[in-house]
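Enquirer: Protein chains in written order, with the working numbering: chain X, 405 to 517; chain P, 71 to 183.
Even for Gly, the Cβ is constructed at its ideal location relative to N, Cα and C.
What follows is the structure in structure tokens.
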């Protein structure tokens, strides 16, 4: 049973398109995250939701819009894709305590051409 | 603000040799520290975490890390490297709010047969 699953695994699209990435966790966690990993493997947090409420919104272009229909799901919609959006996007979840680790999905590799 | 610094973006060891991956933290209060491993084309997996119960923490796959407050370090070690240990390793610290994790820039471990 996959704990944190995200789809699709690969996403290739052209500049200007709109795309979505879906994430679901079956761990019963209250907090979910989106991270972006660039080509140098640097991980940057984008958003965090706790019980469907946005609690972290880092300096991310407003073309990126997260949506959490319930605490087990956190989707990421990206409008007007740009070349610089090419990266691996990871969904993660945790219990939300400072000593609770993150559980990551396997990532979505987004390539914008 | 809390942060971690990983010294050495690339480390190469021979199979059977000691693995030492360095992590130093910056925190004004006792931190909660984590090591994660990322295998190619996968998400991050938790190796171990420090939560102040013991300074020497044992993790999965034979890895361990020692918390040294005097050196503000949390280095990851394994006595004998295996080919399967080749991966990217990330040190992370969590904020006391529990909703924010700060990752190091990662260390790529290569194991030479």
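Nearest CA to the CA of residue 458 (chain X): which residue from X:509, X:412, X:479 and X:504?
Expert: Of X:509, X:412, X:479 and X:504, the residue nearest in Cα terms is X:479.
Enquirer: Just confirm the distance between the C-beta atoms of residue 475 (chain X) and residue 422 (chain X), as a whole number of angstroms; I'd bet it's less than 8 Å.
Expert: Not quite, the Cβ-Cβ distance comes to about 25 Å (not below 8 Å), so this is no contact.
Enquirer: Short of 7 Å Cβ to Cβ, which residues in the region 427–440 of chain X face chain P?
Expert: 435
Enquirer: Closer than 8 Å, CB to CB, is residue 455 (chain X) near chain P or not?
Expert: no
Enquirer: Using the Cβ count rule (16 or more neighbours within 10 Å means buried), how would you classify residue 85 (chain P)?
Expert: exposed
Enquirer: Going by DSSP, what residue range makes up the beta strand (DSSP E) through residue 469 (chain X)?
Expert: 468–474
Enquirer: Would residue 461 (chain X) count as contacting chain P if we go by Cβ distances under 8 Å?
Expert: no
Enquirer: Strictly by DSSP, which residues pair up with residue 456 (chain X)?
Expert: Residue pairing of residue 456 (chain X) in beta bridges, as defined by DSSP: absent, with no partner found.
Enquirer: Count the other C-beta atoms from every protein chain shown that fall within 10 angstroms of the C-beta of residue 517 (chain X), then say buried if there are 16 or more, exposed otherwise.
Expert: Residue 517 (chain X) counts as exposed, since fewer than 16 other C-beta atoms from the protein chains shown sit within 10 angstroms of its C-beta.
Enquirer: Check each candidate in P:87, P:155 and P:125 and name the one with the smallest Cα separation from residue 142 (chain P).
Expert: P:125
Enquirer: Give me the Cβ distance between residue 145 (chain P) and residue 91 (chain P), rounded to the nearest whole Å; I'm assuming they're in contact under 8 Å.
Expert: 7 Å
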